[in-house]
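Here is the structure we will look at, set down as structure tokens.
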Amino acid sequence: MSKTIKWEYSPAPEGTDRIQLKEQYDLFIGGKFVAPKSRQYFDTINPSNEKKIAQVADADQSDVNRAVASAKKAYNNVWSKMAPKERGKYIFRIARLLQERAREFSVIETLDGGKPIRESRDVDVPLSVAHFFYYAGWADKLEYAFPGRKAKPIGVAGQIIPWNFPLLMAAWKLAPALATGNTVVLKPAETTPLTAVKLAEIIQEADLPPGIVNIITGTEKTGQAIVNHADINKIAFTGSTEVGKYIMKAVAGSGKKYNLELGGKAANIIFEDAAIDQAVEGIINSIFFNQGHVCCAGSRLYVQEGIADEVISKLQKRMETLIVGDPLDKNTDIGAINSKMQLDKIKMYVNLGLDEGGSIYQSSCSLPKKGYWHAPTIFTDVSQSNRIVQEEIFGPVLAIQTFRTVDEVITKANNSPYGLSGGVWTDKGSKIFKVTKDIRAGVIWANTFNKFDPASPFGGYKESGIGSEGGIEGLSDYVNLV
Ligand code: NAD
Ligand code: MN
Numbered sequence: 031m032s033k034t035i036k037w038e039y040s041p042a043p044e045g046t047d048r049i050q051l052k053e054q055y056d057l058f059i060g061g062k063f064v065a066p067k068s069r070q071y072f073d074t075i076n077p078s079n080e081k082k083i084a085q086v087a088d089a090d091q092s093d094v095n096r097a098v099a100s101a102k103k104a105y106n107n108v109w110s111k112m113a114p115k116e117r118g119k120y121i122f123r124i125a126r127l128l129q130e131r132a133r134e135f136s137v138i139e140t141l142d143g144g145k146p147i148r149e150s151r152d153v154d155v156p157l158s159v160a161h162f163f164y165y166a167g168w169a170d171k172l173e174y175a176f177p178g179r180k181a182k183p184i185g186v187a188g189q190i191i192p193w194n195f196p197l198l199m200a201a202w203k204l205a206p207a208l209a210t211g212n213t214v215v216l217k218p219a220e221t222t223p224l225t226a227v228k229l230a231e232i233i234q235e236a237d238l239p240p241g242i243v244n245i246i247t248g249t250e251k252t253g254q255a256i257v258n259h260a261d262i263n264k265i266a267f268t269g270s271t272e273v274g275k276y277i278m279k280a281v282a283g284s285g286k287k288y289n290l291e292l293g294g295k296a297a298n299i300i301f302e303d304a305a306i307d308q309a310v311e312g313i314i315n316s317i318f319f320n321q322g323h324v325c326c327a328g329s330r331l332y333v334q335e336g337i338a339d340e341v342i343s344k345l346q347k348r349m350e351t352l353i354v355g356d357p358l359d360k361n362t363d364i365g366a367i368n369s370k371m372q373l374d375k376i377k378m379y380v381n382l383g384l385d386e387g388g389s390i391y392q393s394s395c396s397l398p399k400k401g402y403w404h405a406p407t408i409f410t411d412v413s414q415s416n417r418i419v420q421e422e423i424f425g426p427v428l429a430i431q432t433f434r435t436v437d438e439v440i441t442k443a444n445n446s447p448y449g450l451s452g453g454v455w456t457d458k459g460s461k462i463f464k465v466t467k468d469i470r471a472g473v474i475w476a477n478t479f480n481k482f483d484p485a486s487p488f489g490g491y492k493e494s495g496i497g498s499e500g501g502i503e504g505l506s507d508y509v510n511l512v
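Position 369 of the sequence shown, counting from 1, maps to 399 under our numbering, and the rest follow consecutively.
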């Protein structure tokens, strides 16, 4: 491999001095922060240095009961009766307040979750704001979203979210629920609760009437208490397929509505006629963006045979230039793995890949001593039946295979229990249409990857989930049409 130039940058850390964080956060129920009845708290740490940032309440059954009762009361007495355009005003206000505090939210997201500040600043926070603005606009226009029908709210929505896009997932859940007149009990993931709790401050500041949004922190058992609560009318869940299956079983026969956004193992397909350098950037983005903690990550790469050597060698060169390190540094490309548990899982899969006979290449970056880190990793010499090709790793690990024909790659891409997303790189429009038509996945990007817009629905086929978020489709999951 020819020598790659590695640019040296001076450190450019984003400041944390103006970030206001308390040592302890309570539950946000009925418009107020209240101490948990459980009297229990747990720590949330910064995964890049393992330092404790704050402690948050661990809600138990009685706390969930309180939150649901508050949401039910607010639904019956206030929110379901309010004129839609008044509801819209509150959501616009939340959007504006979040936009004003964008810098603070990006820094907190990066501290708590380990993702590079460049991503929380340029992706997570702006997309969250855009989502609130988008659905605020729909609040008084539901008759145009569902012409000839009347859209009635469902009631109290229980919303459970993961740690990879904590604020964005909260926005994806809250905005459409509020726009359609539902009230909410939302639970963030245990390793990344802080931006959700800060969002509760914004909701307070926006003067949203008490009880419409309740935000409670907790673990798996808090999630279960929400899922199984009799006064919850709808569950919206983003997380693992395993927990998604548990939820489907738990709500079966209860009459609760649900939508599930689950795991993925996206195929990213590069044809010989693609613009190779752009495709290489696209591969980098599709799997190393956000440490690979992305449900729609392009974790299976299929390269057409004639360009395989060139693509892999360019990919390796580019991997060498990726900057891994302090998530708060503005030059950082790849931050910390979210938790020790997730790092162990990634390492387990890397060892498995080696056992299965794969050839590994890792970028030669040095990893910080403290915290949870993993080098960008690719595997070649793998086959379709290998576990690292079939199972979701949720880390910066890419499995590369080659193919010869369009039909062959479509068969390989569809040979997966998942169907969330995919990518295709080619100069030919006809191939784009063929591949996007025949691959069973909710979103397929052409000559790009990981692009989001609040107006465009996102959701999976097969074990990747049921229902969609975003767009009019995202509204329809929060209404009963009469
Ligand atoms: P997870 O399923 O372990 O946890 C997600 C949330 O569910 C957390 O808040 C957790 O506390 C809660 N939870 C755990 N067990 C529960 C139970 N039995 N009942 C109710 N709630 C429960 O997932 P994770 O490890 O936090 O996130 C990673 C997973 O999420 C990956 O599989 C990823 O693909 C998926 N994901 C999917 C999307 C999507 O849009 N499809 C987006 C982001 C993440
Ligand atoms: Mn944390």
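Built from N, CA and C at the ideal position, the CB exists for glycine as well.
- Annotation: the stretch 371 to 427 contains the following complete segments of the alpha helix (DSSP H) (minimum length 4 residues), in chain order: 417 to 420.
- Burial is judged here by how many other beta carbons sit within 10 angstroms of a residue's own beta carbon; D93 has at least 16 and is buried.
- Taking the C-beta atoms as reference points, A226 is found nearer than 9 Å to T247.
- Short note on M199: C-beta closer than 8 Å to some heavy atom of ligand 1.
- Collapsing the DSSP output to three states places S343 in a helix.
- Ligand 1 never approaches A207 closely enough for any of its heavy atoms to be under 8 Å from the residue's Cβ.
- In the structure shown, S110 adopts coil according to DSSP, grouped into three states.
- Judged by beta-carbon spacing, K360 lies beyond the 9 Å limit of R131, meaning their Cβ atoms are not closer than that value.
- Counting only runs of at least 4 residues, the stretch 427 to 499 fully encloses the following alpha helix (DSSP H) elements, listed from N- to C-terminal order: 436 to 444 and 459 to 468.
- Distance from the C-beta of G504 to the nearest heavy atom of ligand 1 is not below 8 Å.
- Straight across, the Cα-Cα distance linking Y508 with G501 is about 12 Å.
- 9 Å or more divides the Cβ of V333 from the Cβ of Q420.
- The residues V512, in chain order, have a CB closer than 6 Å to that of K180 in the same chain once the five nearest residues on each side in sequence are set aside.
- With distances taken between CA atoms, I317 lies nearest to S451 out of D483, D90 and S451.
- One Cα belongs to I314, the other to L51, and the distance between them is close to 34 Å.
- At least 9 Å separates the beta-carbon of P183 from that of T221.
- Proximity of the beta carbon of G401 to ligand 2 is not indicated: no heavy atom of the ligand is located closer than 8 Å.
- Residue pairing for R330: DSSP places it in a beta bridge opposite A297 and A429.
- Look at A429: its beta carbon is at least 8 Å from all of the heavy atoms in ligand 1.
- The beta-bridge partner set that DSSP reports for L208 is empty.
- By the 16-neighbour rule on beta-carbons within 10 angstroms, T407 is buried.
- Annotated three-state conformation of Y105 is helix, per DSSP.
- For G501, there is no enclosing beta strand (DSSP E); the residue is found in the alpha helix (DSSP H) stretching over G501 to S506.
- The C-beta distance from S329 to A429 rounds to 7 Å, short enough to meet the 8 Å contact threshold.
- Note on L141: 16 or more other CB atoms within 10 angstroms of its CB, so buried under the neighbour-count rule.
- Following the DSSP letters along the chain, one finds K52 in no alpha helix (DSSP H), marked with neither H nor E.
- Look at N79 here: in three-state DSSP terms it is coil, with no helix or strand label.
- The Cβ atoms of G495 and G489 lie closer than 9 Å to each other.
- Here the alpha carbons of G118 and D170 stand approximately 7 Å from one another.
- Set against 8 Å, the gap from the CB of Y55 to the closest heavy atom of ligand 1 is not smaller.
- Here the alpha carbons of N79 and K400 stand approximately 5 Å from one another.
- Straight across, the Cα-Cα distance linking V439 with I299 is about 8 Å.
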